[in-house]
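Position 142 (the sequence shown) corresponds to 146 in our numbering; numbering is contiguous.
Input: a single structure, listed below in structure tokens.
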Amino acid sequence: MSEIQHLETKQGRRIAYAKSDGQGPTIVFLSGLKSDMEGTKAVALEAWAKEQGRAFLRFDYSGHGVSSGEFADGSIGDWHEDTLEVVDKLIDGPILAVGSSMGGWQSLLLSRARPERIMGLVTIAAAPDFTEDGYWAGFTDEQKAELEREGFLTLPSDYEEDYIITKRLIEDGRDQLVLRSPLRLDMPVRFLQGTEDDAVPTSQAVKLLEHVEGDDIRLTLVKGADHRFSDDECLRTIQKMVKVVLTRGAA
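The following block contains the structure:
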């Protein structure tokens, strides 16, 4: 694997990243909420990119992995700032963004902020607007009152530890929504979604497909795949879609 390096951002954060040289466009992996660049999908895609002689970059948002900061202090907007710093300071030329779960939301924000840089997009169980449509919409009146009173909620997780959901995460998320206004993606786009995903329902993937505008956008449903989307067959599917987007983007 590539050596871990660090980027000091203008916001004063220290972002850990691993970058490998190769033929462009640079493939950038955007991890999910509370995930990091050592996740199965990120590491496997890096290995594939190296085999293909492709430039690749993975990184940890602030409050994630080995980057500076605490998770509970962060927000969608903060992690979007981290992504822009990484893209603007570490990468020359076009980018193929690969976003998983919350990283799918980040990839859409990146495509909106830097449309001239993004030559292609692949998402895996993309979760745009989940702070509003998932968390807030699913909170009970009691939970909303607790969030207002305490400034945070603790939610159980199927992964390593519980989620601390802050009032700031919810409020900042409302400033980053992408499904409430037109979103045009003028590049090859491939959305991947498992039918057994219990975090992002298939209906959300269809909603995203129907919302975005563009001439080369496809949604692939993988029967039986869950939110991790990281068994061998799913990893091969991700690699296949990245290759498709690279080919179509170069046409």
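C-beta: ideal position from N, C-alpha, C; glycine also.
Spatial distance of residue i from residue j (CA atoms)
i	j	result
residue 247	residue 112	19 Å
residue 175	residue 55	42 Å
residue 11	residue 149	39 Å
residue 91	residue 253	19 Å
residue 259	residue 215	Here the chain has residues from 5 to 255 only, and residue 259 is not among them.
residue 38	residue 86	15 Å
residue 26	residue 77	35 Å
residue 233	residue 153	37 Å
residue 142	residue 57	44 Å
residue 101	residue 208	20 Å
residue 62	residue 173	23 Å
residue 24	residue 147	44 Å
residue 151	residue 103	29 Å
Rounded distance between the beta-carbons of residue j and residue i, thought under 8 Å
i	j	result
residue 135	residue 80	7 Å
residue 6	residue 20	With 8 Å as the limit, residue 6 and residue 20 do not qualify as a contact, their Cβ atoms being about 11 Å apart.
residue 177	residue 107	Not really, about 15 Å apart at Cβ, beyond 8 Å.
Exposure of residue i, with buried meaning 16 or more beta-carbon neighbours within 10 Å
i	result
residue 159	exposed
residue 186	exposed
residue 236	exposed
residue 241	buried
residue 194	buried
residue 201	buried
residue 9	exposed
residue 64	buried
As assigned by DSSP and simplified to three states, the class of residue i
i	result
residue 30	strand
residue 24	strand
residue 142	helix
residue 184	coil
residue 110	helix
residue 115	helix
residue 9	strand
residue 95	coil
CB of residue i within 8 Å of CB of residue j, strictly
i	j	result
residue 83	residue 110	yes
residue 97	residue 192	no
residue 243	residue 223	no
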